[in-house]
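Let me begin by presenting the structure, written as structure tokens, before commenting on it.
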Amino acid sequence: MSKRSQFRYIGGGVFFLLLIIFLVSVIQPKGDGRLHVYFLNVGQGDAIFVQSPTGHQLLIDGGPDSAILSELGAVMSFFDRKIDLVLLTHPDADHLAGLVEVLKRYQVEAVIESGVKCQTSLCRAWDKEIQERAPKVVLGNLGDQIDLGGGVILKILSPFSEIADQTFSKVNNTSLVTRLEYRGQSVLLTGDIEGSIEDKLVISQSAIDVDFLKVAHHGSKTSSSVDFLRATSPLTAFIQVGSENQYGHPTAEILNRLEQEAIEYYRNDLSGRIELILSDQDYVVKTQR
Numbered sequence: 125m126s127k128r129s130q131f132r133y134i135g136g137g138v139f140f141l142l143l144i145i146f147l148v149s150v151i152q153p154k155g156d157g158r159l160h161v162y163f164l165n166v167g168q169g170d171a172i173f174v175q176s177p178t179g180h181q182l183l184i185d186g187g188p189d190s191a192i193l194s195e196l197g198a199v200m201s202f203f204d205r206k207i208d209l210v211l212l213t214h215p216d217a218d219h220l221a222g223l224v225e226v227l228k229r230y231q232v233e234a235v236i237e238s239g240v241k242c243q244t245s246l247c248r249a250w251d252k253e254i255q256e257r258a259p260k261v262v263l264g265n266l267g268d269q270i271d272l273g274g275g276v277i278l279k280i281l282s283p284f285s286e287i288a289d290q291t292f293s294k295v296n297n298t299s300l301v302t303r304l305e306y307r308g309q310s311v312l313l314t315g316d317i318e319g320s321i322e323d324k325l326v327i328s329q330s331a332i333d334v335d336f337l338k339v340a341h342h343g344s345k346t347s348s349s350v351d352f353l354r355a356t357s358p359l360t361a362f363i364q365v366g367s368e369n370q371y372g373h374p375t376a377e378i379l380n381r382l383e384q385e386a387i388e389y390y391r392n393d394l395s396g397r398i399e400l401i402l403s404d405q406d407y408v409v410k411t412q413r
């Protein structure tokens, strides 16, 4: 065999080996034994991507538009087009619109939603995709627990009453409030609840004393009361908010409350995508910028 042919053979073999390594790295589950919670940078809306230590994936809300797709592309493996579970907290556009795009492009195994009655064109588009893609649909109820694998449990803490098939003029307070638990650490995810639901959570003595808090309703003054912040007593809070949004979120009042309670906070409008990584009794926060 000539040196030239030997070079071709070795070169081809190395290329083939590198290709195999690449394919294995992008096809295998990304579970690394830690819990990853991404507060995605989708503008003025909520979208939270959770990856369990075993690689199972949960998407909570999808933001106001297709920006969710590029964000998912940044946190999921290149060839990964499957999401185990999607949870819709409530059907406002800044939480739902992106999920319609997700259903069109990803294989979603199951959906959890509240079941509140919604007649908007966006809700009709959501229902259409649900019917066509046929994921398993479950109505989330108080006390439900979902095992995400690797010791991660998702608990539903609110709504406090049956709301399926009911009509509400405002759906913020119908939000599914959830608590992620992993090895003694916890994350409270609040949707867009306002003060009245926060008060119920405090009075009910639900498991709201947590390590990490997703600030409700993008830092609106309608939420994050002093009593609620003291009851949750998080080390760190996360605010999903778009740059220079028309609502003035997060309000100076809420930021002052967080600072007065010595709660560190991160904002998507300032930090871009935010990643919270939980391991054995330890955590790290990484930001895009």
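Letter by letter, the sequence shown follows residues 125 to 413 of the working numbering.
Ideal placement from N, C-alpha and C gives every residue a C-beta, glycine not left out.
What you are looking at is a predicted structure, and each value in this text was computed from that prediction instead of being measured.
Asked                                                                                                                                                     : Found
Under 8 Å between the Cβ atoms of Tyr-162 and Arg-397?                                                                                                    : yes
Are the beta-carbon atoms of Val-311 and Pro-177 separated by less than 8 Å?                                                                              : no
On the criterion of 16 or more Cβ atoms from any shown chain inside 10 Å, does Ser-348 qualify as buried, or is it exposed?                               : buried
With the cut-off set at 8 Å, would you say Pro-358 and Leu-379 are in Cβ contact?                                                                         : no
For Val-148, which of helix, strand or coil comes out of DSSP?                                                                                            : Since pLDDT at Val-148 reaches only 43, below the 50 mark, its modelled position is unreliable, and the value read off the structure follows with that caveat. It is helical.
If you draw a straight line from the alpha carbon of Gln-414 to that of Asn-297, how long is it in whole angstroms?                                       : Shown here, the chain extends from 125 to 413; a query on residue 414 therefore has no answer.
Would you call the segment 373-393 and the segment 188-207 touching, i.e. three or more CB-CB distances under 8 Å?                                        : no
Measuring straight from C-alpha to C-alpha, what distance separates Pro-259 and Leu-211?                                                                  : 12 Å
By Cβ distance below 8 Å, which residues in the same chain neighbour Thr-356 in space, the five residues on each side in sequence not counted?            : Leu-312, Ile-332, Asp-333, Val-334, Leu-337
Tell me, to the nearest whole angstrom, how far the beta carbon of Ser-282 is from that of Ile-236; I am working on the premise that it is less than 8 Å. : In fact, because the Cβ distance is near 14 Å, the residues do not count as touching under 8 Å.
Could you check the C-alpha separation between Val-408 and Thr-346 for me, to the nearest Å?                                                              : 30 Å
Whose C-beta lies closer than 8 Å to the C-beta of Pro-374 among residues of the same chain, with five residues either side of it excluded?               : Val-339, His-342, Gly-343, Ser-344, Ile-363, Val-365, Arg-391
Excluding five sequence neighbours on each side, which residues of the same chain lie with their C-beta closer than 8 Å to the C-beta of Leu-223?         : Leu-183, Asp-185, Gly-186, Ile-192, Val-210, Leu-212, Trp-250
What does the alpha-carbon distance come out to for the pair Glu-98 and Thr-360?                                                                          : Outside the displayed range of the chain (125 to 413) lies residue 98, so it cannot be described from this structure.
For the beta strand (DSSP E) containing Ser-176, list its first residue and its last residue.                                                             : Careful: Ser-176 lies outside any beta strand (DSSP E) and carries neither H nor E.
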